[in-house]
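Each remark here refers to the structure printed beneath this line.
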DNA sequence: ACTACCTTTTAAACCGGTTTAAATCCCGGC
DNA sequence: GCCGGGATTTAAACCGGTTTAAAAGGTAGT
């Protein structure tokens, strides 16, 4: 038995045909007699031949890979509960197609642009996922310039040549606010994510709109930054107000759990003195004390859908429609209750 | 201006030399007159030429990429605070070498082996990082069979043909235990990670050994599974003991934070009634209430070192030495204090 | 002036596929 | 018995680099 893996030429000679025929048979191209196709596939099978990715890459000018660039503040290279499940979802699609996922974790700033440029210049990927979409996201123009297909995770505000995969955060946020209103809260504050992010402002506006629709005076919205440290800061500022809120809605679980800590450190009891809600339903949300009321989406399916959508584009479709996922659901736990009398 | 990117032939004709010479110049091969090299490099520069990865891949049979397979229990696709920083560290090495990182997140079981096989069969990577090393890890034999270079993150117990990158968890764990002993604790319990993992048992044995060295009777070691849910369970069992511990050392922060919640849910005050310590210094550790005493390593540097080590192997070195990183450091916060009188 | 021997450069093969243009087969029709 | 034409099949070019073997150029020795 030879150690080298068989090439298309080996298959061809074993089947008694030319390289070209093997290629045709493999790719299901018409014009070959069925008998010949069978003979070739049998030979390929016996030899255990799989076409070389590298050779195919060169001749068809494709990478057979998709890319994901995750931008993180250098100070907090912490993990977002979203990504592992999202990536697993992406993977579930790529595996069956023989594609790979190329990942870059870059620090915010010029590294980010360099990351995309490198992916494009080196021909590493056939398309990329645009996560953590920002308002007037400069990456959209960048990718157009680089001629790199993409899908945006969320709907960009400007016009975009790329399909969007959308998971609307607003219904979930509204559900949280309505839940608090039903409990009797009227002094509800919000700790938002950085307003540069589309999903952060979506949550913020849903917060404000839902209160407005209920005719309740909106309280302070504090700018957070999705980090635990930012959550603490924002919470302290809110609790220091002359008339502090009786409930705080955070734009993600990290800030909410940190806020929970801050409230407890300030001597408050949650939920008796203060109700707290998050967003994401991260693993810890269920297990902190009290359990965190939050909103659960389905990042696995998000990844799956994003991969399917991006692949349509990569496969040459020109009019790929946006994909919309079912919105996130409210998960009620112990951190929310009626306001103090 | 042409839209197509220049090829080596364009550079060759512009410099008035053959393709071969351009290749030699690019790769700094001896045998070319210095003047010729300069001329070629100048021409390449003017054209903005970069050699095609795909063509190089095919002719030199290398992928110019490294792989990381992260295995996660399908139920908890949660994020480990270790990986983002680890990956960023890896990236810092790969970027300058023009390499890419191929990531797979697979669920535990047969998916895992399939993942490595696919990476190898498709020639996606030149080497892989073996993370979450297990005792008698079957992946070592698998990678030998696949003829895929690797580095193990941690020292395997059996003999391994691969270099190891080691960050000793024992000093950190010992430091935690000693810290608790100094505070006066004598009833110290441990919530371990799954004993299949090398780093989990390293922490467990360090726990037991340090207590033994101090002549203190070791208390129960509960088996956890590194998840928050497991942390809760183990904590409940410990607190239900006839003589419950006054301090619990957890093998990671996720379990510790969940344990903190369980203790508080049981009506205990941390640290007055119970001291709690974690391992990892994840982002939330500082911000839960009380702040979590834990152990901090440097995953960025871990990634960096692992990438450098793996690349030595990939570059053909045969006797790559193991690399040892400075051990993790104790970080004392509010969750530990003297035991109740 | 001729040979010997380096140094420098090049032509061509090669990596392993895909694709195009042309060759070959096979059959019915006249 | 020969021709036309669709169905199959193949040879060869191509993707863009690397590498090897041989050619070309230069210098020195005699």
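Protein chains in written order, with the working numbering: chain E, 225 to 565; chain F, 225 to 565. For glycine and all other residues, C-beta sits at the position ideal for the given N, C-alpha and C. Small disclaimer: the values here were computed from a predicted structure and weren't measured.
Item: Pairwise C-alpha distance: residue 408/E and residue 563/E; Value: 7 Å
Item: Residue 531/F: contacting residues in chain E (beta-carbon distance under 8 Å); Value: None at all; the shortest Cβ gap to chain E is about 13 Å.
Item: Residue 307/E at chain F interface by Cβ criterion, 8 Å; Value: yes
Item: Per DSSP, the bridge partner or partners of residue 328/F; Value: 293/F
Item: Proximal residues of chain E, C-beta to C-beta of residue 423/F below 7 Å; Value: Going along chain E, no residue has its Cβ under 7 Å from residue 423/F, so there is no contact; the nearest lies around 18 Å.
Item: Rounded distance between the beta-carbons of residue 351/F and residue 538/F, thought under 8 Å; Value: 5 Å
Item: Selected residue, minimal CA-CA separation from residue 290/E, among 465/F, 254/F and 327/F; Value: 327/F
Item: C-alpha distance - residue 488/F paired with residue 316/F, whole-angstrom precision; Value: 41 Å
Item: Where residue 493/E falls, given that 16 or more other Cβ within 10 Å makes a residue buried; Value: exposed
Item: Near-chain E residues of the segment 324-349 of chain F - C-beta to any C-beta below 9 Å; Value: 324, 325, 326, 327, 328, 329, 330, 331, 335, 338, 339, 342, 343, 345, 346, 347, 348 and 349
Item: Residue(s) in a DSSP beta bridge with residue 553/E; Value: 520/E
Item: Under the three-state DSSP convention, the category residue 228/E falls into; Value: coil
Item: Closer than 8 Å at the beta carbon, the chain F residues around residue 277/E; Value: 346, 347 and 348
Item: Residues that residue 478/E contacts on chain F, provided the C-beta gap is smaller than 8 Å; Value: 507 and 508
Item: Closer than 8 Å to chain E by CB, residue 363/F; Value: no
Item: Presumed contact (8 Å Cβ cut-off) between residue 391/F and residue 521/F, rounded CB distance; Value: 6 Å
Item: Start-to-end residues for the alpha helix (DSSP H) that takes in residue 315/E; Value: 306-321
Item: Pairwise C-alpha distance: residue 345/F and residue 265/E; Value: 19 Å
Item: 8 Å Cβ cutoff met for residue 250/F and residue 230/F; Value: no
Item: 8 Å Cβ cutoff, residue 225/E in contact with chain F; Value: Residue confidence is low: residue 225/E scores 47 on pLDDT, short of 50, so the model does not pin down where it sits. Its coordinate-derived value is still stated next. No, because no Cβ of chain F sits closer than 8 Å to the Cβ of residue 225/E.
Item: Span separating the alpha-carbon of residue 338/E from that of residue 531/F; Value: 20 Å
Item: 8 Å Cβ cutoff, residue 274/F in contact with chain E; Value: yes
Item: CA-to-CA distance, residue 472/F to residue 547/F, given in whole angstroms; Value: 32 Å
Item: Distance cut-off 7 Å: residue 322/E Cβ against heavy atoms of the ligand MG; Value: Among the ligands in the structure shown, none appear at all, so the ligand MG cannot be discussed.
Item: Residue range of the unbroken alpha helix (DSSP H) whose run includes residue 396/F; Value: 394-406
Item: Partners in chain F for residue 511/E, counting only beta-carbon separations shorter than 8 Å; Value: 452, 453, 455, 456, 481, 482, 485 and 486
Item: Beta-ladder partner(s) of residue 359/F, from DSSP; Value: According to DSSP, residue 359/F bridges with nothing at all.
Item: Which of helix, strand or coil DSSP assigns to residue 352/E; Value: strand
Item: Classification of residue 371/E by the beta-carbon crowding that lies within 10 angstroms, buried from 16 upward; Value: exposed
Item: Assigned exposure category for residue 414/E - 16 Cβ within 10 Å defines buried; Value: buried
Item: Between the CA atoms of residue 239/F and residue 302/E - distance to the nearest angstrom; Value: 49 Å
Item: Beta-carbon proximity list for residue 582/E, same chain, < 6 Å, skipping 5 on both sides; Value: In this structure chain E extends from 225 to 565, so residue 582/E is not present and cannot be described.
Item: Under 9 Å by beta carbon: chain E residues contacting residue 392/F; Value: Within 9 Å Cβ-Cβ: nothing; residue 392/F doesn't reach chain E, min ~22 Å.
Item: Minimum Cβ-Cβ distance from residue 311/E to chain F less than 8 Å; Value: yes
Item: Exposed unless 16 or more other CB atoms sit within 10 angstroms - verdict on residue 284/F; Value: exposed
Item: Contact with chain E by residue 322/F, beta-carbon distance below 8 Å; Value: yes
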